[in-house]
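*Asks:* My questions all concern the structure below.
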Amino acid sequence: IKQLPDQTRAAVNSCRAMIEWLRPDEKATTTVDEAVRQCLKLAGDDWTLRGIEASADVKTGDALVSKPVLRELLVTSFLALTDTYPGPIDIAIVAESGGEEVLVSLSAKRAERKTPFPPLTLYRALTYDDVIAVGKASGVMCSCLDGTITLRLRAAPTAP
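Using the numbering used here, the letters of the sequence shown correspond one by one to residues 2 to 161.
Next comes the structure, spelled out in structure tokens:
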């Protein structure tokens, strides 16, 4: 009974986080580092079983970007890379900020790891065209070339 209040708070926080993912505040902002960590947790839930590993080198400091836009583009990019390169891969995420722009690059290359499960796609495979379409709908310039997806996001203005 002593644990009930803490467990109840944890359940409420979990439900709030899920609702935020499903219906985000369009004006919400986040740092790239925070968004990358959240999206890797969400999209990469089964990656260890599939032989997929990711590394992140985020050098954007406290620069803020649109939270719903970056989340949507990161998850779409992860899915497009894992669909384009089925099987074990290494995904490298690099992010830098330059003035009013934040650049996020996601690269994939095949890995020599063994995986206990064959590649599996339960939906229509996502492609680079899907990443570009999601970016266009969000007003974000995206380019895809040789296993690398580059996202050019506008930095959110900082409060004076």
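Every residue gets a Cβ at the ideal spot worked out from N, C-alpha and C, and that includes glycine.
Along the chain, where does the alpha helix (DSSP H) that runs through Val33 open and close?
*Replies:* For this step, residue 33 is matched to residue 32 along the sequence shown. Note, Val33: alpha helix (DSSP H), 33-44.
*Asks:* Please tell me whether Ile20 and Ile53 are closer than 7 Å, where the distance is taken between their beta carbons.
*Replies:* Here residue 20 refers to the residue found at position 19 of the sequence shown. Here residue 53 refers to the residue found at position 52 of the sequence shown. The answer is no: Cβ separation not under 7 Å.
*Asks:* When you compare the CB positions of Thr85 and Val135, do they come within less than 7 Å of one another, or not?
*Replies:* Stepping through the sequence shown from its first residue, residue 85 is reached at position 84. Stepping through the sequence shown from its first residue, residue 135 is reached at position 134. No, these two residues do not count as a Cβ contact at 7 Å.
*Asks:* Applying the criterion that 16 or more other CB atoms from any shown protein chain within 10 Å of the CB defines a buried residue, is Leu50 buried or exposed?
*Replies:* As a working mapping, residue 50 is identified with position 49 in the sequence shown. Leu50 comes out exposed.
*Asks:* Rounded to whole angstroms, what's the CA-CA distance from Tyr129 to Ile2? Just pull it up for me.
*Replies:* Along the sequence shown, one-based indexing puts residue 129 at 128. Along the sequence shown, one-based indexing puts residue 2 at 1. For Tyr129 and Ile2, the distance between alpha carbons rounds to 51 Å.
*Asks:* Helix, strand or coil for Lys60? Go by DSSP, reduced to three states.
*Replies:* Locating residue 60 in the sequence shown gives position 59, counting from the first residue. Three-state result, Lys60: strand.
*Asks:* For a quick check, are the C-beta atoms of Ala64 and Ser106 less than 7 Å apart?
*Replies:* For the purposes of this step, residue 64 is taken as residue 63 along the sequence shown, with counting starting at 1. For the purposes of this step, residue 106 is taken as residue 105 along the sequence shown, with counting starting at 1. No, the Cβ-Cβ distance between Ala64 and Ser106 is not below 7 Å.
*Asks:* Among residues of its own chain, excluding the 5 on either side of Gly100, which ones have a beta-carbon nearer than 8 Å to its beta-carbon?
*Replies:* Taking the first residue of the sequence shown as 1, we reach residue 100 at position 99. Correct list, in chain order: Ala156.
*Asks:* Alpha carbon to alpha carbon, how far is Ala55 from Cys145?
*Replies:* Within the sequence shown, residue 55 is the residue found at index 54, counting from 1. Within the sequence shown, residue 145 is the residue found at index 144, counting from 1. Answer to the nearest angstrom: the Cα atoms are 18 Å apart.
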